[in-house]
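Using full-length UniProt numbering, read the sequence shown as starting at 1 and increasing by one per residue.
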Amino acid sequence: MKVVTFLSVKGGVGKTTLTVNTANELATKIGGSDKVLIIDLDAQAGASVYLLGYDQQQALEKQNQTIHELLDKTINNQDPNISKYIINPYKTNPSSGWSPRLDIIVGDSRIIDLEREIISRSAAKGFGWSLILYQLLTKLSQLNYSFIFIDPPATLGALSRMALGASNYFLIPLIPDDFGRVTVGMFTKDFFNQAFYEIALAGRQDRPLCGGIVFNKIKTSTHAKIADEIADEICGKKLYDKYSIPVYKTKLYDRIAYVKSLEEHKPLYKIGDKKAEEEFQSFFDEFYDYVVRDKAKG
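So, in structure tokens, the structure goes:
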């Protein structure tokens with residue numbers, strides 16, 4: 001089982017859209033009894049609304065059938081029935097186009113309160129909290145999930161660090177502008193240094209690898225030029241002073257198809273925008289090489 005997290009430090013970079021469509025595309029390609037799961041850690045529940053629609057996400061939140069209760073029970077040393085919290089979007093709406101092999105644990109606005117509790121406990125008890133999700137995923141491995149995608153908040157807070165602590169790979173979508181440059185610096189310096197320290201202190205032996213940086217929502221030739229400049233800056237950097245940081249050759253442009261996909265709660269390929277589909281497929285092929293085939297390990 002591999003766990004993949006898309007990270008960002010601000011909203012609007014396409015993190016959730018990439019997470020959902022990458023997970024769905026992968027779910028269409030696996031065989032046997034294998035499945036793909038998305039865990040929605042974001043209080044905005046964007047991945048859940050994308051897959052299920054707002055009304056169903058809200059209904060599941062009211063029923064406490066979300067990541068909030070699952071994590072809350074785990075933190076309080078209870079043994080929740082994980083299957084209760086797993087929702088299959090295809091069964092909910094077979095005409096939507098989502099793969100029957102794609103499941104989700106739904107996001108919940110109340111997870112912000114849980115994050116505060118996690119931070120409070122970490123101050124009192126050290127950094128064991130950073131592997132809470134990691135420990136939960138060991139139970140999910142028994143349910144035939146070959147890949148799990150985590151969609152954390154667009155922040156560098158406790159939930160994002162918890163997601164990283166549970167991951168084998170992380171990807172960073174960037175809009176190629178000046179803030180994108182700053183984002184790279186934030187991730188490659190302060191955030192990763194602190195997060196990896198917490199992961200090691202909590203007892204996890206291995207460390208998550210970078211599955212790639214992808215330039216997203218490109219609008220102009222200036223954006224494309226800045227993307228090339230940022231790629232050159234990243235070229236000489238090493239993760240853990242050992243691993244290269246992959247920069248995807250594919251650049252994803254800001255196309256209306258992504259907006260329609262979100263509004264209609266359908267995967268990108270169901271929208272009928274050939275250019276958007278071709279770009280995404282090119283991105284996915286690189287993702288498959290770096291993450292599924294472990295090219296990122298060198």
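Glycine included, every Cβ here is placed at the ideal spot set by N, Cα and C.
Query, Result
"Sequence-distant residues of the same chain with beta carbon closer than 8 Å to V36, five excluded per side", "A23, N24, L26, A27, I30, S99, R101, L102, D103, Y145, S146, F147, I148, F149"
"Limits of the unbroken alpha helix (DSSP H) element including Y134", "132–140"
"Environment of G165 [buried if 16+ CB atoms lie within 10 Å]", "buried"
"Opening and closing residue of the alpha helix (DSSP H) in which L159 lies", "158–165"
"8 Å Cβ cutoff met for D151 and A47", "yes"
"Chain-order list of residues whose beta-carbon lies under 8 Å from that of I86 (same chain, five-residue window excluded)", "L37, D103, I104, I105, L143"
"Secondary structure, alpha helix (DSSP H): runs of 4+ residues fully inside the stretch 207–280", "221–235, 256–264"
"Buried or exposed (CB count within 10 angstroms, at least 16 for buried), P153", "buried"
"Limits of the unbroken beta strand (DSSP E) element including K2", "2–6"
"Nearest-angstrom beta carbon gap, L41 and I111 [assumed within contact, 8 Å]", "7 Å"
"CB contact flag (I213, I175, <8 Å)", "no"
"Whole-number beta carbon distance between R204 and Y240, since they are thought to touch under 8 Å", "Not quite, the Cβ-Cβ distance comes to about 14 Å (not below 8 Å), so this is no contact."
"Residue from T19, L159, T250 with nearest C-alpha to A227", "T250"
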